[in-house]
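Peer 1: Residue numbers (my numbering): 517 to 851.
(1) Quick one: what's residue 726 bridged to in DSSP?
(2) Taking only the alpha-carbon atoms, compute the straight-line gap between residue 592 and residue 669 and give it to the nearest angstrom.
(3) Classify residue 628 as buried or exposed, calling it buried when 16 or more other Cβ atoms lie within 10 Å of its own Cβ.
(4) For residue 831, collect the residues of the same chain with a Cβ closer than 6 Å to its Cβ; drop the 5 residues on either side in sequence, then sort them by chain order.
(5) What are the start and end residues of the alpha helix (DSSP H) that includes residue 522?
(6) For residue 617, which beta-bridge partners are listed by DSSP?
(7) Kindly indicate which residue of 838, 706, 736 and 594 has the alpha-carbon position closest to the one of residue 529.
(8) According to DSSP, which residues form a beta bridge with residue 570?
(9) Select from 791, 716, 576 and 804 the residue whose C-alpha is nearest the C-alpha of residue 726.
(10) Evaluate residue 786 with the Cβ neighbour count: other Cβ atoms within 10 Å of its Cβ, from every protein chain shown; 16 or more gives buried, anything less gives exposed.
(11) Using three-state DSSP, classify residue 721 as helix, strand or coil.
(12) Measure the C-alpha to C-alpha separation of residue 789 and residue 700 and round it to an integer number of angstroms.
(13) I think residue 540 touches residue 610, with their Cβ atoms under 8 Å apart; what is that distance to the nearest whole Å?
(14) Identify every residue that forms a DSSP beta bridge with residue 776.
(15) Tell me the start and end of each unbroken alpha helix (DSSP H) in the segment 659–733 that is at least 4 residues and wholly inside, in chain order.
(16) I think residue 777 touches residue 720, with their Cβ atoms under 8 Å apart; what is that distance to the nearest whole Å?
(17) Leaving aside the five residues before and after residue 733 along the sequence, list all residues of the same chain whose C-beta is less than 8 Å from its C-beta, in chain order.
(18) Please state if the CB of residue 571 and the CB of residue 543 are separated by a distance shorter than 8 Å.
(19) Taking only three categories from DSSP, how would you classify residue 792?
(20) Any idea if residue 736 is buried or exposed, counting beta-carbon neighbours within 10 angstroms, 16 or more meaning buried?
(21) Can you list, in chain order, the residues of its chain whose CB lies under 8 Å from that of residue 837, leaving out five sequence neighbours each side?
(22) Measure how close the beta-carbons of residue 587 and residue 599 come, nearest whole angstrom, since I'm counting them as under 8 Å.
(23) Between which two residues does the alpha helix (DSSP H) containing residue 745 stretch?
(24) Less than 7 Å between C-beta atoms, sequence neighbours within five positions excluded: which residues of the same chain meet that for residue 702?
(25) For residue 540, report the span of its alpha helix (DSSP H) as first-last.
(26) Got a sec? Which residues, its chain only, sit under 7 Å from residue 548 by beta carbon, not counting five neighbours each side?
(27) In the DSSP assignment, find the alpha helix (DSSP H) that holds residue 828 and state where it starts and stops.
(28) With DSSP as the reference, label residue 532 as helix, strand or coil.
(29) Which two residues bound the contiguous beta strand (DSSP E) that contains residue 802?
(30) Alpha carbon to alpha carbon, how far is residue 555 from residue 522?
(31) Of the residues 754, 829, 846 and 723, which one's Cα is nearest the Cα of residue 811?
(32) For residue 794, collect the residues of the same chain with a Cβ closer than 7 Å to its Cβ; drop the 5 residues on either side in sequence, then sort them by chain order.
(33) Using the Cα positions of residue 698 and residue 784, report the straight-line distance between them to the nearest angstrom.
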């Protein structure tokens, strides 16, 4: 390539497009044309930034040494190494020829001599480089703003998904505590909670109740009707629960109610309230009347009748058995 051809080629390069023809000619006179074969390393990350290159033909790949993956590809009229040269810093990445490459090269010594001999060129170069730097900084600022906005969106999305996941986990935990038909707490939750309450509270009471003649209800009206009776009974009992009291389905037609900080006499009165509520309710059965569905209840208290959960359940269950043996639809206390 002739000197005139090289001057014309450099005038098309964005880095030098703002310079006068005379200034570009001085650059051509100062620099060299160099060639690289495919896979030749032009410079490595961490090397001294002592030269810059303007690609006249061919392609270079830019990469980081740690990953070896290309982060950019440079071709004709692209330039590399100018920031390191003008700022006197080390290379921030490596460059390797992908194809045969011809490039215009200007090293630190050549640039220093040129600027010393051509002060006007120094001013033009400073203005051009400053403009390019400002443009690059503005691009980086806009990119940083977009990245920040994107990160904020991601953070909001992650926060939203985290809340949803917590809600789902909470729902799953709650579902694991309950049985599906009546939505009452299940037997496992009852046993765990009773044990925990007995450790923390000086006294409490337990009611075990059973729907009277439930098999006859199933046989007469069908199992679906029996399920409706269980659902309505659970709803009725829960409606009469007070603070510090909870209902669980113990199994089949049996339910348990734990009364926190409640002694035996008061627990008996509460059990009587439950019994009357069920007795007076008209259940969804064919030709139903008040009193068609009743319950029997056994009541025991901690620590009066038992000092541990299993014994308390046994005492209340024995009282329930006596309630059923003595005619049903009644409350019997342990002891």
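All C-beta atoms in this analysis are idealised placements derived from N, C-alpha and C, irrespective of residue type, glycine included.
From a predicted model like this one, the values you see are computed outputs, not experimental measurements.
Peer 2: Let's see:
(1) 770 and 812
(2) When rounded, the distance between both Cα atoms is 38 Å.
(3) exposed
(4) 816, 821, 822 and 850
(5) 519–527
(6) 552
(7) 594
(8) The partner list for residue 570 (beta bridge, DSSP) reads 595 and 620.
(9) 791
(10) Counting other Cβ atoms within 10 Å of its Cβ, residue 786 reaches 16 or more and is therefore classed as buried.
(11) strand
(12) 19 Å
(13) At roughly 29 Å, the Cβ-Cβ gap does not stay under 8 Å, so residue 540 and residue 610 are not in contact.
(14) The beta-bridge partner set that DSSP reports for residue 776 consists of 720.
(15) 703–716
(16) Between residue 720 and residue 777 the Cβ distance is about 6 Å, and since that is below 8 Å, they are a contact.
(17) 727, 741, 742, 745, 801 and 809
(18) no
(19) helix
(20) exposed
(21) Here the set comprises 814.
(22) Not a contact, Cβ separation roughly 15 Å.
(23) Residues 739–755.
(24) 693, 694, 695, 764 and 765
(25) 537–546
(26) For residue 548, the CB contacts under 7 Å within the same chain, skipping 5 residues up- and downstream, are 621 in chain order.
(27) 825–841
(28) coil
(29) From DSSP, residue 802 is part of no beta strand (DSSP E); its letter is neither H nor E.
(30) One C-alpha to the other measures close to 25 Å.
(31) 846
(32) Once the five neighbours on either side are set aside, the close Cβ partners of residue 794 are 749, 752, 809, 810 and 811.
(33) Looking at the two C-alpha atoms, the distance is approximately 24 Å.
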